Amino acid sequence: MDDYLFLTEDLEFMDKASVNKGIKYLVYKKKQRMIDTVRSVMNNELTDFERNIAEDYWCNNLLVEEIARKYNLSRSGFYRAVDVIKEKMNTHLKYVVFYNNECPPTKGDFLSFLNGKGEFFES
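Letter by letter, the sequence shown follows residues -14 to 108 in this note's numbering.
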């Protein structure tokens, strides 16, 4: 069954392994663009205080009590800060995703990747 060939829109034959490799490439590129977008919004739209709280909470997985103690906040003060951070992130991410003019990889990039000339780093 692995020997099936797929016909691309340019009427080129591709084997299942090449198609799967291409799909991984597209998913990887989309995931990387989203990570870069989130990182950019965090760096450009949050204050240092908000960014530190967000990193401790979502990236470093610190407990609420640890973060509240670290920044001298009450528990409710911490949650209010997180709500503000979420609101800013949601607002700016919606804007970036909606108005982002960045195009997905071109058809040429994709075909060159499938032919072994592109790079793909699995994470």
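Backbone N, C-alpha and C define an ideal beta-carbon position, used for all residues, glycine too. If you're wondering where the values come from, they're calculated on a predicted model, not measured in any experiment.
Residue i vs residue j beta-carbon contact at 9 Å
i: residue 38; j: residue 67; result: yes
i: residue 33; j: residue 55; result: no
i: residue 26; j: residue 78; result: yes
i: residue 30; j: residue 73; result: yes
i: residue 60; j: residue 49; result: yes
Sequence-distant residues of the same chain with beta carbon closer than 6 Å to residue i, five excluded per side
i: residue 104; result: Note that residue 104 has pLDDT 47, beneath the 50 cutoff, so the model's placement of it is unreliable and no number is given.
i: residue 69; result: none
Outcome for residue i when other beta-carbon atoms lying within 10 angstroms are tallied against a minimum of 16
i: residue 8; result: exposed
i: residue 53; result: buried
Neighbourhood of residue i by C-beta distance below 7 Å, restricted to the same chain and skipping five residues each side
i: residue 65; result: none
Residue i: CB within 8 Å of a non-hydrogen atom of the ligand MN
i: residue 80; result: No copy of the ligand MN appears in this structure; indeed no ligand is present at all.
Proximal residues to residue i (C-beta, below 8 Å), its chain only, five neighbours per side dropped
i: residue 23; result: 74 and 78
i: residue 58; result: 52 and 66
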